[in-house]
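For the sequence shown, the positions run -21 to -1, 1 to 440 when mature numbering (1 follows the signal peptide of the UniProt record, and there is no 0) is used.
Where is the CB? At the ideal position from N, CA and C, for every residue including glycine.
For clarity, every value in this text was computed on a predicted model and none was experimentally measured.
Since the structure comes first, as structure tokens, the remarks are kept for the end.
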Amino acid sequence: MVPQNIILVTIFMIFINHCSSTFFDASGIEQMETVAEEAEDHLAYPSPNDWVEEVNGGMEDDEWHLVQKKGNQFVVNDQPFYVNGFNTYWLMVFAADQSTRGKVTDVFKQASSVGLTVCRTWAFNDGQWQALQKSPSVYDEEALDFVISEARKYKIRLILSLTNNWDAYGGKAQYVKWGKAAGVNLTSDDDFFSNPTLKSYYKAHTVLNRVNTLTNITYKDDPTIFSWELMNEPRCTSDPSGNKLQDWIQEMAVYVKSVDPKHLVEIGLEGFYGPSAPDRVQFNPNPYAQEVGTDFIRNHQVFGVDFASVHIYADSWISSSISDVHLQFTKSWMEAHIEDAEKYLGMPVLFSEFGVSSKDPNYNSSFRDTLLSTVYNTILNSSKKGGSGGGSLLWQLFPEGTDSMDDGYAVVLSKSPSTSSIIALHSTRLALFNSQCSWKCRWGCKKKNPLDAFLLHHDDL
Ligand SMILES: *[C@@H]1O[C@H](CO)[C@@H](O)[C@H](O)[C@H]1NC(C)=O
Ligand SMILES: *[C@@H]1O[C@H](CO)[C@@H](O)[C@H](O)[C@H]1NC(C)=O
Ligand SMILES: *[C@@H]1O[C@H](CO)[C@@H](O)[C@H](O)[C@H]1NC(C)=O
Ligand SMILES: *[C@@H]1O[C@H](CO)[C@@H](O)[C@H](O)[C@H]1NC(C)=O
């Protein structure tokens, strides 16, 4: 089934290359059949490398433009930029040590071989081992320089998160420790969001002004950076009204934009509905979700925030035991947020973390493949309509030999051929969208052509 799809994709791409990106008609379909026959005659199974290169082919360095937002879509140089991406959070720690640096290169190389174009990773490590921020205002950015320059080599853009809600790699708890050590009276980790001293530490997170020593490009001018993320999964349980977190988002989104007006900014939220949207809380995975001080729609209406982020973890939010309920939740959670982004926000939404843990009861790899297909097809359904579904980022992609960092969610491409094929096919589909349509055209103009027929009738993975 999978190889057949790859052949279809390849045939279709050859067809696309033979035709201009204008409307297709009946003679176009005939032409496609001829091209397909010709292609089948001399078609070997292409390696993912070959055909992804064909899609991205010939991109010169001077075509490496910043990602921007137009209405509810991402664009690069006025062409749409739908995202098939991944997370690998630990890149900076591995880059800090010569003996593990190669793993950073490995993951970018493998990701690009299946057409992934965006990686989300930590641009924070507050006061921990191999720290980026050793103490407030004391930095060592060399490892991050390497991550960024390496990503560019493989034409992968980065979403860089600036700190953590959780304790891993420091986060808000470390900021509170630093504040206490400086004699500030702090009683809760949530003081991170309101205390003036801690807010000044956050604002001093100087990576935005850093000049990369390997490329000589200032971070805030570098097209390799897709966007800044204010924080990984902010929650402020001490104020369920959401006001405390809202104020912090307002202040920091404007602050980051004032330092770096060029790049997109997103918050890093998981996407829970809060008090401002009582009619939407039914979509939350559980009743607790509305009490963590976040409020998807209200938070994203803040000035300076360019696109919405949503995470998808049925296995951690609903029940760890795998079942079809997880797939139903995934689809309705995504569709609800896509609708919000269209109706209330007028921005794209990126499903910036989704995955499933192999440690879950009843887990098997075919479930994981089905989950990926569900996410990808929901994105495609939105993008075909010119909707707000801007893309998704798998949690998480690992190269071989990094098992010690695996939390159960790691996908190693070389060990998961079926998963690799699903990822690669989705990349190809998005690459076709991205290369064949201009922003103005939207997908409506493609309704009656074989591209659409192809996308509709070959969703059989
Ligand atoms: C620290 O702040 C708490 C809560 O704001 C307050 O109750 C307490 O008296 C303060 N302690 C000192 C030593 O100022
Ligand atoms: C960066 O600038 C330095 C100093 O001007 C120069 O020696 C070096 O070759 C430059 N590196 C790159 C990659 O352009
Ligand atoms: C994999 O897991 C799913 C969900 O638990 C189940 O429905 C399916 O039958 C399993 N498939 C295999 C091949 O074990
Ligand atoms: C995508 O849309 C098609 C046609 O409307 C529908 O049959 C399919 O179930 C949708 N897939 C997902 C994953 O939403």
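Grab me the residues of residue i's own chain with a C-beta within less than 7 Å of its C-beta, minus the 5 sequence neighbours each way, in chain order.
i	result
G247	S140, E208, L209, M210, N211, E212, P213, S288
A389	Q375, F377
residue 454	Nothing about residue 454 can be read from this structure; the chain reaches only from -21 to 440.
K426	Residue confidence is low: K426 scores 40 on pLDDT, short of 50, so the model does not pin down where it sits. Its coordinate-derived value is still stated next. None.
D146	A152
S299	D339, P340
E314	T357
N222	none
V328	F286, A287, V289, H316, I317, A320, S367, G368, G369
Buried or exposed for residue i, please, with buried defined as at least 16 other CB atoms from any protein chain shown within 10 angstroms of its CB.
i	result
S311	exposed
H290	buried
L193	exposed
D124	buried
Q269	buried
M38	Confidence is the limiting factor: at M38 the pLDDT is only 49, short of 50, which leaves the residue's position unreliable, though a coordinate-based value still follows. With fewer than 16 other Cβ atoms within 10 Å, it is exposed.
E379	exposed
P264	buried
S220	exposed
D239	buried
K132	exposed
N413	buried
K241	exposed
H44	exposed
K394	exposed
T197	exposed
E332	buried
D303	exposed
G325	exposed
E16	Its pLDDT being 33, under 50, E16 is placed unreliably in this model, and the value from its coordinates should be taken loosely. Answer is exposed; the Cβ neighbour count stays below 16.
N56	exposed
S345	exposed
T67	buried
G162	exposed
S91	buried
Q77	exposed
N63	buried
K159	exposed
Y61	buried
P266	exposed
A5	With a pLDDT of 34 at A5, under the threshold of 50, the modelled position of this residue cannot be trusted, and the question is left open.
N343	exposed
Quick one: residues in its chain with C-beta nearer than 8 Å to the C-beta of residue i, no 5 flanking neighbours on either side, listed in chain order?
i	result
M71	T100, W101, A102, N104, Q109, L111, A122, L123, V126
G387	S336, S337, K338, D339
S255	G221, D274, I276, R277
Q280	Y323, L324
Apart from the five residues just before and just after residue i, which ones in its own chain have a Cβ nearer than 6 Å to its Cβ?
i	result
E249	E212, H290
W157	P115
Y154	F171, L177, Y180
T216	V271, G272
L440	The predicted model places L440 with a pLDDT of 30, which falls under 50 and marks its position as unreliable, so this point remains unresolved.
Enumerated in chain order, which unbroken segments of the alpha helix (DSSP H) with a length of 4 residues or greater are wholly contained in the stretch 348 to 431?
396 to 415
Taking contact to mean 3 or more Cβ pairs, one atom from each stretch, closer than 8 Å, check whether the stretch 320 to 330 and the stretch 45 to 55 are in contact.
yes
As an exercise, report each continuous alpha helix (DSSP H) stretch of at least 4 residues that is fully enclosed by the stretch 218 to 277, in chain order.
222 to 238
Any contact of the stretch 293 to 311 with the stretch 344 to 352, i.e. 3+ C-beta pairs under 8 Å?
yes
Is there contact here, the stretch 224 to 235 with the stretch 105 to 122, by at least three beta-carbon pairs under 8 Å?
no
Any residue with its Cβ nearer than 6 Å to a heavy atom of ligand 5 should be included. What is that list in chain order?
This structure simply doesn't include ligand 5; it includes ligand 1, ligand 2, ligand 3 and ligand 4 instead.
Beta strand (DSSP E) runs contained entirely in the stretch 186 to 218, provided each spans 3 or more residues:
204 to 208
Output the residues surrounding ligand 1, defined as those with a CB atom closer than 6 Å to any ligand heavy atom, in chain order.
N164, T166
Alpha helix (DSSP H) segments (min. 4 residues) lying fully within the stretch 90 to 148:
121 to 132
Secondary structure, alpha helix (DSSP H): runs of 4+ residues fully inside the stretch 303 to 353:
303 to 319
Below 8 Å, can you find three or more Cβ-Cβ pairs linking the stretch 352 to 371 to the stretch 404 to 413?
yes
So, do the stretch 253 to 263 and the stretch 167 to 182 have three or more beta carbon pairs nearer to each other than 8 Å?
no
Among all residues, which have a Cβ less than 6 Å from at least one non-hydrogen atom of ligand 2, and in what chain order do they fall?
T194, N195
Let me know the alpha helix (DSSP H) ranges lying completely inside the stretch 49 to 88, each 4 residues or longer, listed in chain order.
70 to 74
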